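Read through the structure below, which is laid out as structure tokens, and then see the notes.
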Amino acid sequence: MDYLKNCIFVDESVFDINKRRSRGWSKRGTQAVVKTPSARGVTHTVIGAISAIGVVNLNMRESRNVKRKKVVGATKRKTPQDRLSVPKGTKDGHYLHFLNDTMDIMDGFPEMRGYFIVMDNAPIHIPKVIDPMIINRGYTPVYLPPYSPELNPIERS
1 MDYLKNCIFV
11 DESVFDINKR
21 RSRGWSKRGT
31 QAVVKTPSAR
41 GVTHTVIGAI
51 SAIGVVNLNM
61 RESRNVKRKK
71 VVGATKRKTP
81 QDRLSVPKGT
91 KDGHYLHFLN
101 DTMDIMDGFP
111 EMRGYFIVMD
121 NAPIHIPKVI
131 DPMIINRGYT
141 PVYLPPYSPE
151 LNPIERS
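Take 1 as the starting number for the sequence shown in the UniProt record's numbering and just add one per residue.
Here is the structure:
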């Protein structure tokens, strides 16, 4: 396995424009207080695949599914205003679809035959489902050790 010659690096990233900060700065001895409105926000997930040659595949998905989230300052008596709909994250089905699309692109380039597909060990990367799918297409799945983003070049892209 040579990172520069026969590897594809895959990763996903989530962007939420309404994400609230959990930390802040203030003068020494005073508490940092920031008022933020509760609002519905759409989460965008970007999944990408790169190689040493360049970008192989890129997909952006706007979450349509929503889950309910408690609003800060809600009353003990539950009312519809006390809960907020927020998007759910990426599911394994989206990831599998992206991998299939990426391998379809790779199939168009004979020099990519037998490449290693390098991924982190996120929960949506289910080896018992993903491994056979990748191997049957003629590629090799590789999972990075936990907490090692420095080993995946797409983390710096």
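Glycine included, each C-beta is placed from N, C-alpha and C at the ideal position.
All values derive from a computational prediction rather than experimental measurement.
Cβ neighbours of residue i in the same chain (closer than 6 Å, five flanking residues each side left out)
{"i": "residue 151", "result": "144"}
{"i": "residue 106", "result": "112"}
{"i": "residue 142", "result": "116, 118"}
{"i": "residue 98", "result": "47, 59"}
Neighbourhood of residue i by C-beta distance below 7 Å, restricted to the same chain and skipping five residues each side
{"i": "residue 13", "result": "46"}
{"i": "residue 25", "result": "32"}
{"i": "residue 146", "result": "121"}
One or two residues paired with residue i in a DSSP bridge
{"i": "residue 141", "result": "117"}
{"i": "residue 160", "result": "As shown, the chain starts at 1 and ends at 157. That puts residue 160 outside it, with no answer to give."}
{"i": "residue 8", "result": "117"}
Reduced DSSP category for residue i - H, G, I as helix; E, B as strand; rest coil
{"i": "residue 44", "result": "strand"}
{"i": "residue 133", "result": "helix"}
{"i": "residue 28", "result": "coil"}
{"i": "residue 1", "result": "coil"}
{"i": "residue 126", "result": "coil"}
{"i": "residue 105", "result": "helix"}
{"i": "residue 59", "result": "strand"}
{"i": "residue 152", "result": "coil"}
{"i": "residue 100", "result": "helix"}
{"i": "residue 95", "result": "helix"}
{"i": "residue 110", "result": "helix"}
Whole-number beta carbon distance between residue j and residue i, since they are thought to touch under 8 Å
{"i": "residue 10", "j": "residue 154", "result": "7 Å"}
{"i": "residue 94", "j": "residue 61", "result": "6 Å"}
Pair every Cβ in the segment 118-125 with every Cβ in the segment 50-60, then say whether three or more of these pairs are closer than 8 Å.
-> Touching, no, given that fewer than three Cβ pairs across the two stretches are closer than 8 Å.
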